[in-house]
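Engineer: Going by the UniProt record's numbering, the first residue of the sequence shown is number 1, and it counts up by one from there.
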Amino acid sequence: MVVVRKTVALLAVLALVLAACVPGVKKPEPPQARVEGFDLISVDPFSGEARFALRLRLTNPNAFELPLLESQLALTFDRARLPFDLPAVTLPPAGFEVVETRLTVPLAESAEGVGKLLGGEAVRLRVDGRVRVQAGPVPLDLGPFTLLDENVRVDLRFALPRFTIDPAQSRLRIRDATLEVVVGFQVTNPNPIGFYLRGPLGLVIGGNTVAEAVLDVPLRPRQSGSGVLAFRVDLARVPGAAAALVTGLPVELSGAVRAEVPGVWQTLLDVAFAGRVR
């Protein structure tokens with residue numbers, strides 16, 4: 001059995017060598033590919049990159065084994081043209097293998113395409129160029145040809161950032177006829193997308209919005225951030241303000257703010273969180 005396998009492998013290598021070196025002998029057919037999976041890893045405006053996991057089903061149309069070497073092809077991502085690295089893999093005769101690779105896409109060159117994906121639209125992926133095959137001691141180039149040409153989408157389930165009031169960064173102070181309310185907060189971004197969170201938040205005391213401040217906080221993918229919002233309120237609008245310096249003041253912050261990847265994508269979010277400030 002071992003001898004038979006070695007003989008078959010030797011014949012496959014000899015077929016590739018003959019295709020490369022002997023005039024009139026047809027070269028192997030290049031592999032074919034289709035997308036098995038396309039997943040968003042992250043979009044990070046602070047590093048300027050979007051990253052995706054791409055799983056490809058590579059099929060060998062030949063009746064003999066096709067040992068592919070690591071090859072660099074060209075990727076068309078929507079309208080952007082980028083390099084694409086195909087990992088080395090040996091394809092069985094008339095069979096297939098599933099390989100996984102990573103796509104790192106610069107946002108400066110592919111803002112439109114990334115924005116389409118985040119907005120639920122499809123984007124075209126095309127891979128073309130040449131692949132290298134190990135034909136005995138001499139590598140053989142196959143191509144140029146189109147390895148892949150498909151539309152892809154991502155399954156993005158955007159979750160609201162989670163806010164909590166940070167007592168250590170919050171405080172109350174009365175100055176003249178004004179109550180100064182400083183609200184420190186922590187915010188966690190559970191999404192694979194980094195963004196700026198910007199917009200007005202109202203300070204609600206006793207069911208009434210008594211002041212407003214502008215939220216502007218950067219959030220990296222799946223990370224946390226913090227910030228401080230300062231409000232100045234007429235004392236007449238906060239009954240019991242003096243006592244609240246001791247007991248604490250129940251407050252709520254709420255408003256419609258914008259999650260934004262500048263030049264790529266944005267969405268409006270309704271934010272609301274509450275706590276007690278002393």
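Ideal placement from N, C-alpha and C gives every residue a C-beta, glycine not left out.
Give me the residue from D234, G206 and L68 with the minimum Cα distance to G136.
Structural biologist: Nearest option by C-alpha distance: L68.
Engineer: Measuring CB to CB, does L203 end up less than 9 Å from D216?
Structural biologist: Not in contact: L203 and D216 (Cβ atoms no closer than 9 Å).
Engineer: On the DSSP bridge list, what partners appear for Q32?
Structural biologist: Answer is T59, bridged to Q32.
Engineer: Based on DSSP bridge pairs, tell me the residues matched to P179.
Structural biologist: It should be pointed out that residue 179 corresponds to Leu in this sequence rather than to Pro. According to DSSP, L179 bridges with I174 and V233.
Engineer: Am I right that F185 and I205 are in contact with their C-beta atoms under 8 Å? What's the rounded C-beta distance?
Structural biologist: Their Cβ separation, rounded to whole angstroms, is 16 Å, which puts F185 and I205 out of contact at 8 Å.
Engineer: Taking Cβ positions, are R237 and V210 nearer each other than 9 Å?
Structural biologist: Taking 9 Å as the Cβ cut-off, R237 and V210 qualify as a contacting pair.
Engineer: Closer than 7 Å by C-beta to V182: which residues in its own chain qualify, once you throw out the five before and the five after it? Chain order, please.
Structural biologist: Only S170, R171, V228 and A230 meet the Cβ criterion.
Engineer: Just tell me which of G199, G263 and R132 has its CA closest to the CA of L73.
Structural biologist: Nearest of G199, G263 and R132 to L73, Cα basis: R132.
Engineer: CA-CA distance, V22 and P30?
Structural biologist: Only weak support exists for where V22 lies, its pLDDT of 47 falling under 50; the coordinates are left without a value.
Engineer: Pop quiz: A256 and D270 are said to be a contact at Cβ under 8 Å. What is the actual Cβ separation, rounded to whole angstroms?
Structural biologist: Between D270 and A256 the Cβ distance is about 6 Å, and since that is below 8 Å, they are a contact.
Engineer: Taking 8 Å as the threshold, find out whether the stretch 146-165 comes into contact with the stretch 96-110 through three or more Cβ pairs.
Structural biologist: As far as the Cβ criterion goes, the stretch 146-165 does not touch the stretch 96-110, which means the pair count is below three.
Engineer: Under the assumption that R51 contacts T104 (Cβ atoms under 8 Å), give the Cβ distance between them as a whole number of angstroms.
Structural biologist: The Cβ separation is near 5 Å, so the contact holds.
Engineer: Sorted by chain position, which residues of the same chain lie with C-beta nearer than 7 Å to L58's C-beta, five sequence neighbours on each side aside?
Structural biologist: Around L58: P31, A33, V89, L91, F96, E97 and V99.
Engineer: Does DSSP classify V264 as helix, strand or coil?
Structural biologist: The answer is coil: DSSP assigns V264 none of H, G, I, E or B.
Engineer: Taking DSSP as the reference, what is the three-state secondary structure of L160?
Structural biologist: Residue state, collapsed to three classes: coil.
Engineer: Measuring straight from C-alpha to C-alpha, what distance separates residue 281 and P161?
Structural biologist: The structure shown does not extend to residue 281, since the chain is modelled only from 1 to 278, so the question has no answer here.
Engineer: I'd like to know whether the C-beta atoms of V187 and P45 end up nearer to each other than 9 Å.
Structural biologist: It is not a contact, given that the beta carbons lie outside the stated cut-off.
Engineer: Give me the residue from R175, P93, L56 and R220 with the minimum Cα distance to A63.
Structural biologist: When only C-alpha atoms are compared, the closest one is P93.
Engineer: Taking just the CA atoms, how far does L253 sit from D176?
Structural biologist: Going by the C-alpha atoms only, they are around 24 Å apart.
Engineer: Could you check which residue in N208, P200 and L142 has the C-alpha nearest to that of K26?
Structural biologist: Taking only the C-alpha atoms, the option nearest K26 is L142.
Engineer: Please state whether DSSP places V17 in a helix, a strand or coil.
Structural biologist: No answer about V17 holds up, because its pLDDT of 47 lies below 50 and its placement is not dependable.
Engineer: Check this for me: beta carbons of L40 and P192, under 9 Å apart or not?
Structural biologist: Yes, these two residues count as a Cβ contact at 9 Å.
Engineer: For G48, which of L201, V264 and N60 has the nearest alpha-carbon?
Structural biologist: That would be V264, whose Cα lies nearest to the Cα of G48.
Engineer: Applying the criterion that 16 or more other CB atoms from any shown protein chain within 10 Å of the CB defines a buried residue, is P28 buried or exposed?
Structural biologist: That one is buried.
Engineer: On the criterion of 16 or more Cβ atoms from any shown chain inside 10 Å, does D78 qualify as buried, or is it exposed?
Structural biologist: Result: buried.
Engineer: Let me know if T247 comes out buried or exposed under the rule of 16 or more other beta-carbons within 10 Å of its beta-carbon.
Structural biologist: Label assigned to T247: exposed.
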